[in-house]
Amino acid sequence: MESLFEAAKSGIMATAGKEEILPEVKSQPLHKARETVGNPFVDNPRMTCREVSVYYGDKKAINNVSIDIARNEVIAMIGPSGCGKSTFLRCLNRMNDTVEGCRVVGDIRLDGMDIHDKSVDVVPLRARVGMVFQKPNPFPKSIFDNVAYGPKIHGLAQNRSELDEIVEGSLKKAGLWEEVQDRLNQPGTGLSGGQQQRLCIARAIAVSPEVILMDEPCSALDPIATAKIEELIAELREHYSIVIVTHSMQQAARVSQRTAYFHLGDLIEVGKTARIFTNPRHQLTEDYITGRFG
Ligand code: ADP
224 MESLFEAAKS GIMATAGKEE ILPEVKSQPL HKARETVGNP FVDNPRMTCR
274 EVSVYYGDKK AINNVSIDIA RNEVIAMIGP SGCGKSTFLR CLNRMNDTVE
324 GCRVVGDIRL DGMDIHDKSV DVVPLRARVG MVFQKPNPFP KSIFDNVAYG
374 PKIHGLAQNR SELDEIVEGS LKKAGLWEEV QDRLNQPGTG LSGGQQQRLC
424 IARAIAVSPE VILMDEPCSA LDPIATAKIE ELIAELREHY SIVIVTHSMQ
474 QAARVSQRTA YFHLGDLIEV GKTARIFTNP RHQLTEDYIT GRFG
């Protein structure tokens, strides 16, 4: 199994691509939640999730999941299509509030603050726990205004020069400044796909988040743009916690320090990424990473 991690990292796994054609798992978890194996908890976590379940109507999509998100880590959520990765990700900044018929139960905390508490306003919460989506979604505004929008509505800049600084700093952190500094007034939608995704990352960074959620951020990008985003994710870990949903085990192996494996709404196993890919403890994890599940 030793070579599996290296193989996964380099993308030469025999199973590469196979996961893409797995059918979506539609059956609902009627069973009692499986106990998570490995190490779902960390010291001094940025976020804690305890006994989180999610329902769409009366259908349960997430089954009693408990896990911590560490500071300055990239944690990858992997598993077959339909196992609940995106649903769980959306719990972390209450994006599921916007999904009709979706109900989240359980305790989720950001730096000890219960994110479901009545006193919590979701707008600042979603600044602290930002999100980058599968398909780059810049606003129909200039490059500058895409990044300046959040700081403006959250009152983070006292004047124009402070706003300029935030925009420049965010674009630099997102690795886009060099490419766009001469055309900040041009529309964000005119950039290439990879640039648009980095613009969306700059937009998330501009409001000083603690956590950035990424839902398959490279799935619409070519390999070169993907490599740039992956490099960027590695750099961003210095400042933020990053939770990334990916259908690519190679990507999980390249960018994350911890990996969480989901199956039919259950959190099956969590552990150091190198360990998950070389020495999975749960049979379901092993079946998935070796391509037997499908
Ligand atoms: P993944 O991200 O692992 O592919 P999802 O979180 O998208 O999985 O989906 C988990 C389950 O919840 C699936 O069975 C999916 O069909 C269901 N689901 C997701 N979004 C909705 C929705 N808006 N309404 C009803 N069911 C949904």
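In the working numbering, each residue's number is its place in the sequence shown (first place is 1) plus 223.
Where is the CB? At the ideal position from N, CA and C, for every residue including glycine.
Keep in mind that this is a model prediction, so the values were computed, not measured.
Bridge partner(s) assigned by DSSP for residue i
i	result
L490	F485
K283	Y278
C272	I290 and I331
K495	R481
S347	The displayed chain sequence assigns Pro, not Ser, to residue 347. According to DSSP, which records beta bridges pairwise, P347 is partnered with nothing at all.
C325	Y279
P359	DSSP output for P359 lists no bridge partner at all.
I298	V466 and R481
S365	P410
D438	V468
Reduced DSSP secondary structure (H/G/I, E/B, other) of residue i
i	result
L399	coil
D291	strand
V352	strand
I467	strand
A371	helix
D340	coil
V260	strand
D405	coil
D320	helix
R313	helix
R515	coil
I244	Annotation note: pLDDT 43 at I244 (below 50); position unreliable, no value reported.
9 Å Cβ cutoff met for residue i and residue j
i	j	result
G416	N369	no
L451	G413	The displayed chain sequence assigns Lys, not Leu, to residue 451. Against a cut-off of 9 Å, the Cβ pair of G413 and K451 comes out as no contact.
Q474	E296	no
M270	L333	yes
R273	I338	no
T310	S289	no
N382	V345	no
R498	G261	yes
R257	I491	yes
V265	R351	no
E458	K396	yes
R421	L379	no
I301	H470	yes
Where the beta strand (DSSP E) containing residue i begins and where it ends
i	result
E433	Note, E433: premise wrong, no beta strand (DSSP E); not H, not E.
Delimiting residues of the alpha helix (DSSP H) encompassing residue i
i	result
T508	Q506 to I512
C306	Where C306 is concerned, there is no enclosing alpha helix (DSSP H), given that its DSSP letter is neither H nor E.
L455	P446 to L459
I424	G416 to I428
Three Cβ pairs or more, each shorter than 8 Å: is that satisfied between the region 323-330 and the region 344-363? No: the two stretches stay apart, fewer than three of their Cβ pairs being nearer than 8 Å.
Counting Cβ pairs closer than 8 Å, one from the region 457-476 and one from the region 417-437, do we hit at least three? Because the criterion of three Cβ pairs below 8 Å is met, the region 457-476 and the region 417-437 touch.
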